[in-house]
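**Q** In this text, residue positions in the sequence shown follow our numbering: the first is 1, and each later residue adds one. Pasting a structure here, questions to come.
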Amino acid sequence: MDMFLLVVRRVADYSDAAWYKINLGPLVCFEGRNNSPGHVTYRGSQGMLLGALKLVYKEGAVRCVSDVAYNSRWGCHGYSSFKTYPLNVFITDRQNNVIFPLPQFIKHSAGLWYDMPVVDDKYSDELVFSNFDFPLYLQPHMELRIWFGEDLENWSETDNQGRVCVDVMGYVIGDVGGAGGSPGGGTSKGQALLKDLKASLGSIMQKSWK
Numbered sequence: 001m002d003m004f005l006l007v008v009r010r011v012a013d014y015s016d017a018a019w020y021k022i023n024l025g026p027l028v029c030f031e032g033r034n035n036s037p038g039h040v041t042y043r044g045s046q047g048m049l050l051g052a053l054k055l056v057y058k059e060g061a062v063r064c065v066s067d068v069a070y071n072s073r074w075g076c077h078g079y080s081s082f083k084t085y086p087l088n089v090f091i092t093d094r095q096n097n098v099i100f101p102l103p104q105f106i107k108h109s110a111g112l113w114y115d116m117p118v119v120d121d122k123y124s125d126e127l128v129f130s131n132f133d134f135p136l137y138l139q140p141h142m143e144l145r146i147w148f149g150e151d152l153e154n155w156s157e158t159d160n161q162g163r164v165c166v167d168v169m170g171y172v173i174g175d176v177g178g179a180g181g182s183p184g185g186g187t188s189k190g191q192a193l194l195k196d197l198k199a200s201l202g203s204i205m206q207k208s209w210k
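Laid out in structure tokens, this is it:
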């Protein structure tokens with residue numbers, strides 16, 4: 001495991017890093033109830049390492065009750081029970097395993113409510129999640145889901161209302177490909193870093209079977 005951590009942390013030179021739009025088609029829209037996440041599938045031809053994911057607000061509103069006074073982009077604005085942890089938007093994989101936010105931000109485990117510094121649930125244009133210690137390896141055809149947390153947990157969702165649409169962006173710190181600067185096209189530094197990571201992981205796995 002120590003060797004694995006050392007390999008991952010070699011992806012610390014982010015001079016070629018850049019934001020990449022993952023939903024190349026329509027906006028990704030989620031609702032507050034009835035198992036209604038937004039879905040986006042990565043259509044690139046090569047995998048890429050992501051140090052962060054960003055949701056960029058485009059339209060709509062969502063809330064944890066029927067009253068429109070609590071309309072929000074990322075939670076339930078001003079609702080008394082969640083004033084100190086007003087955010088409720090999650091990113092999962094296809095099996096609904098939570099990718100973001102990280103566990104330390106979650107303050108209300110039943111309904112998955114959380115707080116993040118300098119983020120306003122009603123006015124912030126972007127919701128940015130990062131984990132550079134353990135980058136996400138986004139493979140071709142991998143699906144990401146955007147959930148309202150109460151809907152994900154099926155907790156107190158019957159009076160939830162609304163729909164929010166976003167763009168989904170990934171902060172690429174390494175990818176593999178040919179010429180060009182976009183994921184699937186690759187950069188020389190990102191290509192070298194990810195090849196080194198794959199080779200090192202392969203070596204570790206081979207040793208584990210001996």
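C-beta atoms are modelled at their ideal positions from N, C-alpha and C, and glycine is treated no differently. Here the structure is a predicted model, which is why all the values come from computation and not from measurement.
1) When DSSP labels each residue in this structure, what does Ile22 get in the three-state scheme?
2) Should Val164 go down as buried or exposed, given a rule of 16 or more other Cβ atoms within 10 Å for buried?
3) Alpha carbon to alpha carbon, how far is Trp113 from Gln139? Give it in angstroms, no decimals.
4) What's the gap between the Cα of Val68 and the Cα of Leu102?
5) In terms of DSSP beta bridges, what is Leu50 paired with?
6) Taking only three categories from DSSP, how would you classify Val65?
7) So, with DSSP's three-state summary, where would you put Ser72?
8) Less than 8 Å between the CB atoms is what I'm expecting for Asn160 and Cys64, so what's the real figure, rounded?
9) So what does DSSP say about Leu87, is it helix, strand or coil?
10) Using the beta-carbon count (16 or more within 10 Å), is Val118 buried or exposed?
11) Measuring alpha carbon to alpha carbon, tell me which residue in Leu144, Pro135, Val166 is nearest Gly51.
12) What did DSSP end up calling Asp121 once you bin it into helix, strand or coil?
13) Could you tell me the distance, in whole angstroms, from the CA atom of Asn35 to the CA atom of Leu55?
14) For Tyr57 versus Leu127, is the C-beta distance shorter than 9 Å?
15) Would you grab the beta carbon distance between Asp121 and Leu87 for me? Rounded to a whole angstrom, and I think it's under 8 Å.
16) Can you check which of these residues, Thr84, Gly47, Asn96, Ser72, is closest to Trp147 by C-alpha distance?
17) Please classify Ser130: does DSSP put it in a helix, a strand, or coil?
18) Tell me the rounded alpha-carbon separation between Phe105 and Asp115.
19) Where do the N-terminal and C-terminal ends of the beta strand (DSSP E) with Leu112 fall, by residue?
20) For a test of the three-state rule: what should DSSP assign to Gly149, helix, strand or coil?
**A** On the basis of the supplied data:
1) coil
2) buried
3) 29 Å
4) 29 Å
5) Leu136, Val172
6) coil
7) strand
8) 6 Å
9) strand
10) exposed
11) Pro135
12) coil
13) 19 Å
14) yes
15) 6 Å
16) Asn96
17) strand
18) 6 Å
19) Run containing Leu112: none; DSSP gives neither H nor E here.
20) helix
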